[in-house]
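Peer 1: In the working numbering, each residue carries its 1-based index in the sequence shown increased by 1.
Each residue gets a CB set at the ideal place from its N, CA and C atoms; glycine is no exception.
These numbers were taken from a predicted model, which means no experiment stands behind them.
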Amino acid sequence: MKIGIVGLGLMGGSLALSLRKLSFVSNIYGLDHNTEHQKEALRLKLVEKIIGFDELCTLDLIILAIPVNGIIKSLQALEGKISETTTIIDLGSTKEVIVKAVPPSIRKNFVAAHPMTGTEHSGPGAAFADLYNDQVVVLCDLEDSGTLQQETAVRIFSGIHMRLSYMHAHEHDRHAAFISHMPHVISYSIANSVLSQEDRYNILAMAAGGFRSMSRLAKSSPDMWEDIFKQNKANLLDAIETFQNELEEFKKEIKNDAWQEVREKMLKGNKLDEIFS
């Protein structure tokens, strides 16, 4: 299988390293609009060669590891350029807008996927081989993909030891807003709240593990997350409102010295750990 990965940052670069271990993968090529990323990906041996769009269209599997708007543009550019046996897999963090944008003539070629993994770091230098290992990948509207494309996606993600989950694109975006997208908004907000009140010295002197954990996501790429927030705006706003209501309840109970209610909220929050255990 010859594979082309568009986007050689954390997600695309890590996937390249993982796929190299599979016996049925013969070649892994790369594309990236950033020339520095191209050079770094070659230096780090993430891919064996940087190729152009025309060569990309001849490959067995095309993986789009770029922001959502770029994925949509790429899908439109691929229309009429690939064979019926080509598989296209995107790794976008929102799914419904992508699925709706796929040209009908290549819908069978396409598999909508969202690997539920990542770090706050970006670029080819952030890539590492175990990023996908034992993580969940959500495959959306898989019934609309061709049989060969379904089998290819399952073979690829199972091969790199991911756990497969299936849902519709609309359902995915709703859940992602609460579990992934809203936490990023909160992390950026926490970071900005502290930066507006504290100087560098106090932050370095007093910030312990809790603050570092809560603010870690604020290091994530604004370019990528602005795109995600735009594409999942309605669901994200619902999630933010739900969080605001919860925070307002905490504020009211603390203000009124309603400590039993505060304790009950904390105990309820403790139950989340039971799900992860």
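Mind checking residue 1: buried by the 16 CB within 10 Å criterion, or exposed?
Peer 2: One cannot answer for residue 1 here, as it falls past the ends of the chain, which runs 2 to 278.
Peer 1: Excluding the five sequence neighbours on either side, which residues of its own chain have a C-beta within less than 8 Å of the C-beta of residue 244, listed in chain order?
Peer 2: The residues are 183 and 187.
Peer 1: I want to know whether the segment 135 to 143 touches the segment 199 to 215 - three or more CB-CB distances under 8 Å.
Peer 2: Touching, no, given that fewer than three Cβ pairs across the two stretches are closer than 8 Å.
Peer 1: Report back the beta-carbon spacing between residue 92 and residue 4 to the nearest angstrom; my notes put them in contact at under 8 Å.
Peer 2: Wrong, their Cβ atoms sit about 13 Å apart, outside the cutoff.
Peer 1: In terms of residues, what are the limits of the alpha helix (DSSP H) holding residue 175?
Peer 2: Note, residue 175: alpha helix (DSSP H), 170 to 177.
Peer 1: Could you spell out the range, first to last residue, of the alpha helix (DSSP H) harbouring residue 252?
Peer 2: Run containing residue 252: 234 to 256, per the alpha helix (DSSP H) assignment.
Peer 1: If I follow the unbroken alpha helix (DSSP H) through residue 153, where does it start and stop?
Peer 2: Run containing residue 153: 148 to 160, per the alpha helix (DSSP H) assignment.
Peer 1: I'd like to know whether the C-beta atoms of residue 11 and residue 120 end up nearer to each other than 8 Å.
Peer 2: It is a contact, given that the beta carbons lie within the stated cut-off.
Peer 1: In whole angstroms, give me the CA-to-CA distance for residue 214 and residue 66.
Peer 2: If you take the alpha carbons of residue 214 and residue 66, they lie about 26 Å apart.
Peer 1: Which of helix, strand or coil does DSSP assign to residue 166?
Peer 2: Strand.
Peer 1: Taking residue 178 as the reference, give the member of 48, 94 and 50 with the closest Cα.
Peer 2: Minimum Cα distance to residue 178 is reached at 94.
Peer 1: Would you call the segment 31 to 51 and the segment 112 to 128 touching, i.e. three or more CB-CB distances under 8 Å?
Peer 2: Result yes; three or more Cβ-Cβ pairs closer than 8 Å.
Peer 1: Does residue 228 pass the burial test, meaning 16 or more other C-beta atoms within 10 Å, or should it be called exposed?
Peer 2: Its Cβ being crowded by 16 or more others within 10 Å, residue 228 is buried.
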